[in-house]
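Participant: Would you mind keeping the following structure in view while I ask a few things?
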Amino acid sequence: MTELKRTKVVDVLKRSDYGSEVCVKGWVRTMRDSKNVAFIALNDGSVIHNVQIVVDPLTIGENILNRIHTGASLSVTGTLIESQGSGQSVELSAKEVIVLGEANPDFYPLQPKRHSLEFLREKGHLRMRTNLFGAIFRIRHAMAFAIHEFFNNKGFKYWHSPIITGSDAEGAGEMFQVTTLDLNNPPRTEDGEIDYSKDFFGKMTNMTVSGQLEGELAALALGEIYTFGPTFRAENSNTSRHLAEFWMIEPEMAFYDIHDNMDLAEEMLQYLVKYALDNCKDDLLFLEKRLLEEEKQKPQNERSPMPLIEKLEFVLNNKFERLTYTQAIEVLKDSKPAKNNKFEFPVEWGIDLQSEHERYLVEKHFKKPVILTDYPRDIKAFYMKQNDDGKTVRAMDVLFPGIGEIIGGSQREESYEKLKKRIDEMGIPEEEMWWFLDTRKFGTVPHSGYGLGFERMMLFVTGMGNIRDVIPFPRTPKNAEF
Ligand code: 4AD
Ligand code: MG
Numbered sequence: 021m022t023e024l025k026r027t028k029v030v031d032v033l034k035r036s037d038y039g040s041e042v043c044v045k046g047w048v049r050t051m052r053d054s055k056n057v058a059f060i061a062l063n064d065g066s067v068i069h070n071v072q073i074v075v076d077p078l079t080i081g082e083n084i085l086n087r088i089h090t091g092a093s094l095s096v097t098g099t100l101i102e103s104q105g106s107g108q109s110v111e112l113s114a115k116e117v118i119v120l121g122e123a124n125p126d127f128y129p130l131q132p133k134r135h136s137l138e139f140l141r142e143k144g145h146l147r148m149r150t151n152l153f154g155a156i157f158r159i160r161h162a163m164a165f166a167i168h169e170f171f172n173n174k175g176f177k178y179w180h181s182p183i184i185t186g187s188d189a190e191g192a193g194e195m196f197q198v199t200t201l202d203l204n205n206p207p208r209t210e211d212g213e214i215d216y217s218k219d220f221f222g223k224m225t226n227m228t229v230s231g232q233l234e235g236e237l238a239a240l241a242l243g244e245i246y247t248f249g250p251t252f253r254a255e256n257s258n259t260s261r262h263l264a265e266f267w268m269i270e271p272e273m274a275f276y277d278i279h280d281n282m283d284l285a286e287e288m289l290q291y292l293v294k295y296a297l298d299n300c301k302d303d304l305l306f307l308e309k310r311l312l313e314e315e316k317q318k319p320q321n322e323r324s325p326m327p328l329i330e331k332l333e334f335v336l337n338n339k340f341e342r343l344t345y346t347q348a349i350e351v352l353k354d355s356k357p358a359k360n361n362k363f364e365f366p367v368e369w370g371i372d373l374q375s376e377h378e379r380y381l382v383e384k385h386f387k388k389p390v391i392l393t394d395y396p397r398d399i400k401a402f403y404m405k406q407n408d409d410g411k412t413v414r415a416m417d418v419l420f421p422g423i424g425e426i427i428g429g430s431q432r433e434e435s436y437e438k439l440k441k442r443i444d445e446m447g448i449p450e451e452e453m454w455w456f457l458d459t460r461k462f463g464t465v466p467h468s469g470y471g472l473g474f475e476r477m478m479l480f481v482t483g484m485g486n487i488r489d490v491i492p493f494p495r496t497p498k499n500a501e502f
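Laid out in structure tokens, this is it:
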């Protein structure tokens, strides 16, 4: 047989030139064997759907068929035929089947059935072979691409902030240290402290918690930039919304005030949702169907009010509600759960809003995405622009249904004096920050920016409930397998 060039399953399924010969390659999802005919569902990751291969055991040979099980990889050459069953319109009648790699059914961890997400996390090296994770990771790619497209269309420059830094941008002290010192026997100074001048960089360094500070330097030169890179936080919070390693998108713009900042955030989020609806429909439909089946298992009051696609369209078609933190506190204090003592964390001006508060505002009160601004300065980072009231800063958080905070950002303090004072007040060492302060000394301008947690966005778009399931290899406390 002449070597045919491989056609991807996504392209085969679009064809209707029955009688043509094609070659497909992929992994066996299921294999149904009967005496006279076998059916193989083959998937190559290009699309959620499988191509059905119809195999006549006499043509292909029992010795080959016996080697084909779920998970095996095949190269199949055959003739396109009109599908007899429902589902796809085209299938392949096999002329030649080559087993590229066997998957011994006694040991292959994935069965042709639904596995729990927890089980699949333990098989993290293979879970992308399932329909579910195929869908999630195709969408993840599409979202990453759409982010670059959105900012490129607007003339923003993609900016690479360093991954190893000497600073704690958020001032929360949640850094992973980077060192080449011998931990069993570190060099010491005269007073017994670890001598970091002997460390690789000649100082203490850590993995970045945010690319913002270096992004600000770029915005004050290139005008509008965005970062999109890995971010690391050693917060010991084992929740369904936190990762120790996650990806963040951080646009930073000169000459933007907080209103421009909010407009950009809203436009970006809607662009991403629209991109998913326009380009990931098959995967979204699969996820929606799966979610609806799951919802049926839940008690009525815990069910999500909207199917996935409707929820995405809803965000696309509604303006986000904008209000200040102070107004939000009023709403929360007036709420039923506050009056009935149903919030775990009591509501008081000055508190850091908990996920239960954020979700009440979004899901119960306004019933749409919410942007909160002007938070108490004591619960926000040092770089935020201080309001004249002496109490609040020009922060903005975007809150999403089912997620809570998806974006955190602010207008930045552009006054050298005010910023310097705040840094001193918060006890941030100036030798860490001199270069950041310098931007306020030379040609400072009003500017703003925000950070979108990529995996939180993925949670929203896929409807998945746990952030570990929207990143290929989750890093969480006590877990860095694969
Ligand atoms: O609100 P955060 O901490 O803001 C910053 O880091 C700013 N420097 C951003 C900026 O203004 N340029 O984080 C921003 C977003 C959060 O809203 C959340 O979506 C996500 O990053 N995020 C996390 N995602 C997953 N796991 C974690 N541990 C996260 N911490 C923050
Ligand atoms: Mg935040």
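For the sequence shown, counting from 1, position 155 maps to 175 in our numbering; every step adds exactly one. A virtual CB, placed ideally from N, CA and C, is assigned to each residue, including glycine.
1. So which of 48, 479 and 118 has the shortest CA-CA distance to residue 308?
2. Tell me the rounded alpha-carbon separation between residue 216 and residue 182.
3. In whole angstroms, give me the CA-to-CA distance for residue 343 and residue 393.
4. To the nearest angstrom, how far is the alpha carbon of residue 347 from that of residue 407?
5. Compare the Cα-Cα distances from residue 411 to each of 424, 418 and 395 and report the closest residue.
6. For the putative contact between residue 74 and residue 96, defined by C-beta atoms under 8 angstroms, what is the C-beta separation to the nearest angstrom?
7. Contact between the region 444-453 and the region 248-267: three or more CB pairs below 8 angstroms?
8. State yes or no: is the C-beta of residue 311 within less than 9 angstroms of the C-beta of residue 284?
9. With a threshold of 8 angstroms (Cβ to nearest heavy atom), would residue 191 be considered close to the ligand PLP?
10. Along the alpha helix (DSSP H) that carries residue 168, what are the first and last residues, could you check?
11. Using the rule of at least 16 other Cβ atoms within 10 Å of the residue's Cβ for burial, across every protein chain shown, is residue 446 buried or exposed?
12. Which residues in the same chain have their Cβ closer than 6 angstroms to the Cβ of residue 153, if we skip the five residues on either side of it in sequence?
13. What three-state label does DSSP hand residue 231 in the structure shown?
14. Which complete alpha helix (DSSP H) runs does the region 222-283 hold, if anything under 4 residues is left out?
15. Looking at residue 349: is its Cβ nearer than 9 angstroms to the Cβ of residue 368?
16. Please determine, among 47, 381, 76 and 260, the residue with the shortest C-alpha to C-alpha distance to residue 98.
17. Mind checking who residue 396 pairs with in its DSSP beta bridge?
18. Taking 8 angstroms as the line, does the beta carbon of residue 417 fall inside it for any heavy atom of the ligand MG?
19. Would DSSP call residue 499 helix, strand or coil?
20. Closer than 7 angstroms by C-beta to residue 60: which residues in its own chain qualify, once you throw out the five before and the five after it? Chain order, please.
21. Please name the residue or residues paired with residue 472 in a DSSP beta bridge.
22. Taking a contact to mean a Cβ-Cβ separation below 9 angstroms, would you say residue 292 touches residue 491 in this structure?
23. Tell me, to the nearest whole angstrom, how far the beta carbon of residue 144 is from that of residue 502; I am working on the premise that it is less than 8 angstroms.
24. Just reading off the beta strand (DSSP E) that residue 114 is part of, what are its end residues?
25. Mapping the DSSP letters down to three states, classify residue 317 as helix, strand or coil.
26. Tell me which same chain residues have a C-beta within less than 6 angstroms of the C-beta of residue 128, skipping the five on either side of it?
27. Going by the C-beta, is residue 425 closer than 8 angstroms to any heavy atom of the ligand MG?
28. Could you please give the first and the last residue of the uninterrupted beta strand (DSSP E) stretch that includes residue 347?
29. Could I get the ranges of all uninterrupted alpha helix (DSSP H) runs contained in the region 44-89, with 4 residues as the minimum, in chain order?
30. Do residue 332 and residue 297 have their C-beta atoms within less than 9 angstroms of each other?
Facilitator: From the atom records:
1. 479
2. 20 angstroms
3. 6 angstroms
4. 16 angstroms
5. 395
6. Contact flag wrong, Cβ pair sits at about 10 angstroms.
7. no
8. no
9. Only the ligand 4AD and the ligand MG can be found as ligands here, which leaves the ligand PLP out of the picture.
10. 151-173
11. exposed
12. 147
13. coil
14. 232-242
15. If you check the CB distance, residue 349 and residue 368 come in under 9 angstroms.
16. 76
17. 412
18. yes
19. strand
20. 48, 51, 73, 75 and 88
21. 269 and 427
22. With a cutoff of 9 angstroms on beta-carbon distance, residue 292 and residue 491 are scored as not near each other.
23. 4 angstroms
24. 110-121
25. helix
26. 91
27. yes
28. Residue 347 -> not in any beta strand (DSSP E); alpha helix (DSSP H) instead, spanning 345-353.
29. 77-80 and 82-85
30. yes
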